[in-house]
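What follows is a single structure, written as structure tokens, with notes after it.
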Amino acid sequence: MVVVMSWLPVVLLLCAVHNITCIEHEKDDFSDLYKGLLFNAFPESILSFSIHTKDIQQQTTQVPDKMDCVFACVGVPWCRSMNFQTTAHNNGLHVCELLSTDKHTHQKNMTRNDTFIHFSIKNQCIESPCLNGGTCSLQINRHDYHCQCKKGYHGLPFGCSSHANITDATRNVNNANTTAPIKCDKRIALGWYRFSGAAGVRMPTNCVPTSRCSTHASGWLSDPHPTIEQGTTTMKVCFHWSKNCCNWSRSINVTNCGEFFIYQFVPTLTCSLRYCSEH
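Those letters in the sequence shown? Residues -22 to -1, 1 to 257, per mature numbering (1 follows the signal peptide of the UniProt record, and there is no 0), in order.
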């Protein structure tokens, strides 16, 4: 992975983005479906604060290179930006300063420094993504945003109009064919999916017997589906194997789109595990 030493964004494909826009009618747009966590690089710059600055968390560490500094920030939930010192110490390590705020919020604290590069997580709200006068607010996960719509408009989760349809009958819990080729979701593409047609309409919320859905360990949701009011909810998928209904598990996002549900599937940890469906 390469860091672009310019004002261009550095893209880390770490997670899919769930966007909400204020619209009067649905609009199909697939361009942002796999957008990841973004950093803007500012060479010869540093974002600095007094160590006692109220409400701003700071943490200094030493790392081998720029990307280790970037990943250090990614691994700290409150981190919004970091300063990387381009000159290494005698031990070969570089100073990496993590900050709980960013250049976009504290422009006045950005100063020139030839020995540093500043990286700020791209604030999606800077681009004014909310339509029709909606107010944008960045979410706690640092890459999603939410639009507070003006009266007369409504917001729809992005995936409700941009998702892949799964109609494969082998996914259904009623499929107990053990002679067919065994399938696995270890290589499933990260993204939003909807069950329809022969597959069924939703994931089961009760323990599914093993060797269903054309797999060994059958996947099911451990809790009821979210309501419309709950929006997108992180839920646990359990995989039944070895007389244990939750021998393995994965966390996924589930969204109630009103007339149907969508699931942000992630690859399973091993084979043969598969996400199941039902009518």
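Ideal placement from N, C-alpha and C gives every residue a C-beta, glycine not left out.
Note on geometry: alpha-carbon atoms of Phe238 and Cys254 lie some 16 Å from one another.
C-alpha of Arg165 to C-alpha of Arg252: approximately 10 Å in a straight line. A buried status is given to Gly197, since no fewer than 16 other beta-carbon atoms sit within 10 Å of its beta-carbon. Pairwise C-beta distances place the segment 102 to 111 out of contact with the segment 148 to 168, as fewer than three of them are shorter than 8 Å. Where Lys214 is concerned, the enclosing beta strand (DSSP E) starts and stops at Thr210 to Trp219.
Taking the C-beta atoms as reference points, Val73 is found no nearer than 8 Å to Gln36. Burial state of Pro159 is exposed, judged by a 10 Å Cβ sphere holding fewer than 16 other Cβ atoms.
Secondary structure note for Met45: its alpha helix (DSSP H) is the uninterrupted segment Lys44 to Val52.
By the 16-neighbour rule on beta-carbons within 10 angstroms, Asn101 is buried. In the three-state scheme derived from DSSP, where H, G and I count as helix and E and B as strand, Ala19 is classed as strand.
Asn91 carries a strand assignment under DSSP once its states are collapsed to helix, strand and coil. Shown here, Ala158 sits in coil according to DSSP, grouped into three states, outside any helix or strand.
For the pair Ser26 and Met88, the Cα-to-Cα distance works out to about 7 Å. At least 8 Å separates the beta-carbon of Cys57 from that of Ser23.
Sixteen is the threshold: since fewer than 16 other Cβ atoms of the shown chains lie within 10 Å of the Cβ of His257, the residue is exposed. With respect to the 8 Å criterion, Ala176 and Thr145 are classified as neighbours on the basis of their beta carbons. Within the same chain, and ignoring the five residues on either side of Cys138 in sequence, the residues whose Cβ sits closer than 7 Å to its Cβ are Thr233, Cys235 and Ile240. In this model, Ala19 and Thr83 are separated by some 15 Å (Cα to Cα). Looking from the CA of Ile99, the closest CA among Ala66, Lys161, Pro187 and Ser59 belongs to Ser59. In the structure shown, the three-state DSSP call for Gly175 is helix. By DSSP's assignment, Tyr241 forms a beta bridge with Tyr171 and Val232.
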